[in-house]
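Participant: In the numbering used here, the protein residues as written are 368 to 957.
(1) Ends of the alpha helix (DSSP H) at residue 448?
(2) So, at 6 Å on beta carbons, what are the nonlocal neighbours of residue 404 in its own chain, with the 5 sequence-adjacent residues on each side left out?
(3) Just checking, does the segment 611-620 make contact with the segment 530-541 on the three C-beta pairs under 8 Å criterion?
(4) I'd like to confirm the pairing. Which residues does DSSP put opposite residue 590 in its beta bridges?
(5) Which residues in the same chain as residue 822 place their Cβ atom closer than 6 Å to its Cβ, once the five residues preceding and following it in sequence are excluded?
(6) Closer than 8 Å by C-beta to residue 595: which residues in its own chain qualify, once you throw out the five before and the five after it? Chain order, please.
(7) According to DSSP, simplified to helix, strand and coil, what is residue 951?
(8) Nearest-angstrom Cα distance between residue 791 and residue 868?
(9) Say yes only if the C-beta of residue 845 is nearer than 6 Å to one or more non-hydrogen atoms of the ligand PLP, and no if none qualify.
(10) By how many angstroms is the C-alpha of residue 871 removed from the C-alpha of residue 753?
(11) Nearest CA to the CA of residue 866: which residue from 920, 937, 470, 912?
(12) For residue 530, collect the residues of the same chain with a Cβ closer than 6 Å to its Cβ; drop the 5 residues on either side in sequence, then sort them by chain order.
(13) Using 7 Å as the threshold, is the C-beta distance between residue 590 and residue 707 below it?
(14) Do three or more CB pairs link the segment 519-529 to the segment 547-556 at distances below 8 Å?
(15) Could you check if residue 857 is buried or exposed, using at least 16 other CB atoms within 10 Å of its CB as the buried criterion?
(16) With DSSP collapsed to three states, give me the class of residue 790.
(17) In three-state DSSP terms, what is residue 919?
(18) Can you give me the Cβ contacts of residue 622 inside the same chain, cut-off strictly under 8 Å, excluding the 5 residues immediately before and after it?
(19) Less than 7 Å between the beta carbons of residue 851 and residue 811, yes or no?
(20) List the whole-angstrom C-beta distance separating residue 953 from residue 895, where the pair is believed to meet the contact cut-off of C-beta under 8 Å.
(21) Measuring only the C-alpha atoms, how far is residue 476 from residue 802?
(22) Among the residues of its own chain, which have a CB less than 6 Å from the CB of residue 680, if the five just before and after it don't count?
(23) Go ahead and label residue 644 buried or exposed: buried means 16 or more other beta carbons lie within 10 angstroms of its beta carbon, across all protein chains shown.
(24) Per the DSSP calculation, residue 672 is bridged to which residue(s)?
(25) Could you compute how far the alpha carbon of residue 684 sits from the alpha carbon of residue 691?
(26) With distances taken between CB atoms, is the gap from residue 682 to residue 787 smaller than 7 Å?
(27) For the putative contact between residue 785 and residue 415, defined by C-beta atoms under 8 Å, what is the C-beta separation to the nearest angstrom?
(28) So, with DSSP's three-state summary, where would you put residue 606?
(29) Checking the sheet assignment: what are the DSSP bridge partners for residue 879?
(30) Throw me the rounded Cβ distance for the residue 579 and residue 546 pair, which I believe falls under 8 Å.
(31) Which residue comes first and which comes last in the alpha helix (DSSP H) that contains residue 453?
(32) Taking the beta carbon of residue 793 as the centre, do at least 16 other beta carbons fall within 10 Å, making it buried, or is it exposed?
(33) Short of 8 Å in beta carbon distance, which residues of its chain neighbour residue 828, apart from the five on each side in sequence? Order them along the chain.
(34) Going by other Cβ atoms of all chains shown within 10 Å of its Cβ, with 16 needed for buried, is residue 424 buried or exposed?
(35) By the 10 Å Cβ neighbour count, where 16 or more other Cβ atoms means buried, how is residue 499 classified, buried or exposed?
(36) Cα separation between residue 718 and residue 893?
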């Protein structure tokens with residue numbers, strides 16, 4: 368078994384870009400089509416649910432299939448998901464504060480509550496699509512408990528809730544709420560950013576100005592609507608901004624600090640970042656407040672674009688700070704790069720690492736105009752991504768070799784837990800108990816715990832060799848190190864063998880999976896392999912011949928005695944789950 372696992376881990380990287388996916392073509396899934404359409408198969412349902420949630424389950428696949436044929440089922444599922452309210456993190460965090468708060472209370476300990484609540488929401492919550500889009504956005508517009516936010520858990524929790532509430536809203540609204548959220552203000556040092564002081568070296572902080580443009584909106588070079596680089600007359604990419612523009616935005620983002628408590632009519636704050644106790648903790652979740660005396664009132668140069676007139680390319684002097692902010696964000700939002708830059712990243716996180724230029728263009732055009740003249744409608748963008756022929760159809764031509772994506776490690780875990788109805792005796796996810804050193808230590812990532820504003824991995828990452836040589840990318844492979852693969856494989860082995868409903872020595876918070884179905888047929892290796900494949904892959908047809916034959920061979924090494932067969936059946940079941948959960952077939956989102 369060890370040799371088979373090693374081969375699996377080696378080929379995951381190469382196989383990540385060889386999964387089946389979509390070809391070119393127009394968006395599908397129209398609920399108004401009169402053309403007869405085939406029903407949604409279980410395999411197709413699994414594929415769609417893995418793109419739009421935190422792991423397909425047989426029950427959810429059955430519900431999707433029952434919604435209608437392939438012209439209607441996907442759209443109806445999205446309709447229902449958009450209507451569901453957001454599962455939130457902040458209420459659980461607030462409820463976890465001791466009352467009264469003791470002297471010296473470690474407020475940073477509440478980050479564990481935030482993470483556990485997030486696991487609870489994505490494994491058990493009904494708003495799967497909203498949470499999946501919020502998770503994708505959180506990897507574009509990053510804040511993290513690693514660093515300045517360690518002792519501001521309210522802010523970090525509410526930032527994610529803000530992303531969830533805006534997951535199907537307008538990107539212009541989202542960009543403003545991100546800009547003014549105190550979590551972002553602390554993380555990228557906009558909070559307390561001051562105007563220049565004559566005769567000193569004090570000048571506005573440029574941190575947020577840079578990252579807002581580079582990461583949250585337009586990127587480094589001008590783009591065509593299909594995401595390809597625009598080139599100048601000499602064939603070089605055209606930069607989107609320069610130092611003067613960075614300084615212009617930095618001056619816009621001055622004068623914003625903690626909002627006053629609701630019981631205070633006037634307030635001033637020194638340029639400090641207090642460890643806010645619960646009584647004043649709501650400042651962590653209120654939009655930052657403008658203090659006019661700290662706002663830079665001079666002119667500010669903003670973005671322009673070759674051949675396109677953007678609003679407020681230059682902000683005049685002596686405007687109120689709130690007007691400066693509005694004009695600056697309107698300027699960014701209307702930049703032609705935003706549609707392709709954000710659309711491509713959302714496609715990468717939901718569907719495929721290497722979307723065709725035509726796929727990016729179709730989605731970007733929906734960002735630019737949702738059909739009713741609205742720009743930045745994220746609901747329309749998400750629908751376009753999931754209903755596109757490259758998301759729903761079979762791969763064709765050269766694109767077939769690079770369709771699909773490597774699943775993020777956390778998504779492999781949540782899919783296993785959802786497929787096997789994972790629970791704990793206490794009813795809690797018990798994140799602190801389930802991961803030695805924390806989820807990030809085992810899986811290389813954890814919600815709200817990125818090592819930097821650049822996320823756990825770059826959307827432009829290409830591992831050296833075949834992938835880079837082909838001009839393709841595989842973002843998630845940036846964290847697929849040998850160490851991480853070993854940690855994850857060890858975790859899945861413990862989960863498969865020792866943390867099931869048969870265990871008698873589990874802590875109350877330990878997550879266990881329910882393998883009752885598998886135990887009932889474990890004496891039959893063929894039936895067992897097929898059943899596990901049904902739960903994790905959508906069917907045995909999604910297994911390679913090598914995976915199936917070697918998994919069966921491993922299962923059959925454990926003989927089943929006629930008396931007291933429970934241990935042997937449990938071992939067989941664990942082998943089947945483990946080998947499939949650590950296989951390239953499962954690691955890939957097809």
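Glycine residues also receive a C-beta, built at the ideal position from the N, C-alpha and C atoms.
Facilitator: By the coordinates alone:
(1) Sequence index remark: in the chain shown, residue 448 carries index 81 (1-based). From DSSP, the alpha helix (DSSP H) with residue 448 extends over 440-450.
(2) The residue labelled residue 404 in the question sits at position 37 within the chain shown. Closer than 6 Å at the Cβ level, and outside the excluded window around residue 404, lie 436, 437, 438.
(3) no
(4) To locate residue 590, count along the chain shown from 1; it is residue 223. Note: residue 590 sits in a beta bridge opposite 596.
(5) Position 455 of the chain shown, counting from 1, holds the residue named residue 822. Result list for residue 822: 506, 509, in chain order.
(6) If you number the chain shown from 1, residue 595 lands on position 228. Hits under 8 Å: 724.
(7) For the purposes of this step, residue 951 is identified with residue 584 of the chain shown, where counting begins at 1. In the structure shown, residue 951 sits in a helix (DSSP, three-state: H, G or I).
(8) What you label residue 791 is simply residue 424 of the chain shown in a count that begins at 1. What you label residue 868 is simply residue 501 of the chain shown in a count that begins at 1. The alpha-carbon atoms of residue 791 and residue 868 are separated by roughly 10 Å.
(9) Ligands are entirely absent from the displayed structure, and the ligand PLP is therefore not among its contents.
(10) The residue labelled residue 753 in the question sits at position 386 within the chain shown. The residue labelled residue 871 in the question sits at position 504 within the chain shown. Roughly 43 Å separates the two Cα atoms.
(11) Along the chain shown, one-based indexing puts residue 866 at 499. Of 920, 937, 470, 912, the residue nearest in Cα terms is 937.
(12) One-based indexing of the chain shown puts residue 530 at position 163. Hits under 6 Å: 501, 504, 505.
(13) Residue numbering aside, residue 590 sits at position 223 when the chain shown is read from its first letter. Residue numbering aside, residue 707 sits at position 340 when the chain shown is read from its first letter. Cβ distance < 7 Å, so residue 590 and residue 707 count as in contact.
(14) yes
(15) Locating residue 857 in the chain shown gives position 490, counting from the first residue. The residue is exposed, with fewer than 16 neighbouring Cβ atoms inside 10 Å.
(16) Counting from 1 along the chain shown, the entry for residue 790 is found at position 423. It is a strand residue.
(17) Position 552 of the chain shown holds residue 919. Helix at residue 919.
(18) In the chain shown, the residue the question calls residue 622 occupies position 255. Excluding residues within five positions, the ones whose Cβ falls inside 8 Å are 560, 561, 562, 657, 658, 659, 660, 661, 662, 663, 688.
(19) Residue mapping note: residue 851 aligns to position 484 of the chain shown, counting from 1. Residue mapping note: residue 811 aligns to position 444 of the chain shown, counting from 1. A contact, by the Cβ cut-off of 7 Å.
(20) Against the chain shown, residue 953 aligns to sequence position 586. Against the chain shown, residue 895 aligns to sequence position 528. Not confirmed; about 16 Å, so no contact.
(21) On the chain shown, residue 476 is found 109 positions in, with the first residue counted as 1. On the chain shown, residue 802 is found 435 positions in, with the first residue counted as 1. For residue 476 and residue 802, the distance between alpha carbons rounds to 16 Å.
(22) Position 313 of the chain shown holds residue 680. Excluding residues within five positions, the ones whose Cβ falls inside 6 Å are 669, 671.
(23) For the purposes of this step, residue 644 is taken as the residue at position 277 of the chain shown. The predicted position of residue 644 is uncertain, since its pLDDT is 38 and thus under 50; no value can be drawn from it.
(24) Numbered from 1 along the chain shown, position 305 holds the residue referred to as residue 672. Partner(s): 675.
(25) As a position in the chain shown, residue 684 is number 317, starting the count at 1. As a position in the chain shown, residue 691 is number 324, starting the count at 1. When rounded, the distance between both Cα atoms is 9 Å.
(26) Looking up residue 682 in the chain shown gives position 315. Looking up residue 787 in the chain shown gives position 420. It is not a contact, given that the beta carbons lie outside the stated cut-off.
(27) Looking up residue 785 in the chain shown gives position 418. Looking up residue 415 in the chain shown gives position 48. Actually they do not touch by this definition, with Cβ atoms about 15 Å apart.
(28) Translated into positions along the chain shown, residue 606 becomes position 239. Looking at residue 606 - three-state DSSP - the assignment turns out to be strand.
(29) Position 512 of the chain shown, counted from the first residue, corresponds to residue 879. Residue 879 pairs with 790.
(30) Position 212 of the chain shown holds residue 579. Position 179 of the chain shown holds residue 546. The pair is a contact, with the Cβ atoms about 7 Å apart (cut-off 8 Å).
(31) Within the chain shown, numbered from 1, the residue matching residue 453 stands at position 86. Careful: residue 453 lies outside any alpha helix (DSSP H) and carries neither H nor E.
(32) Along the chain shown, read from residue 1 onward, the residue named residue 793 stands at position 426. Exposed, by the Cβ-count rule.
(33) Along the chain shown, read from residue 1 onward, the residue named residue 828 stands at position 461. Result list for residue 828: 840, 841, 842, 844, 845, in chain order.
(34) The residue given as residue 424 occupies position 57 in the chain shown. It counts as buried.
(35) Here residue 499 corresponds to residue number 132 of the chain shown, with the count starting at 1. Buried, by the Cβ-count rule.
(36) Taking the first residue of the chain shown as 1, we reach residue 718 at position 351. Taking the first residue of the chain shown as 1, we reach residue 893 at position 526. Answer to the nearest angstrom: the Cα atoms are 31 Å apart.
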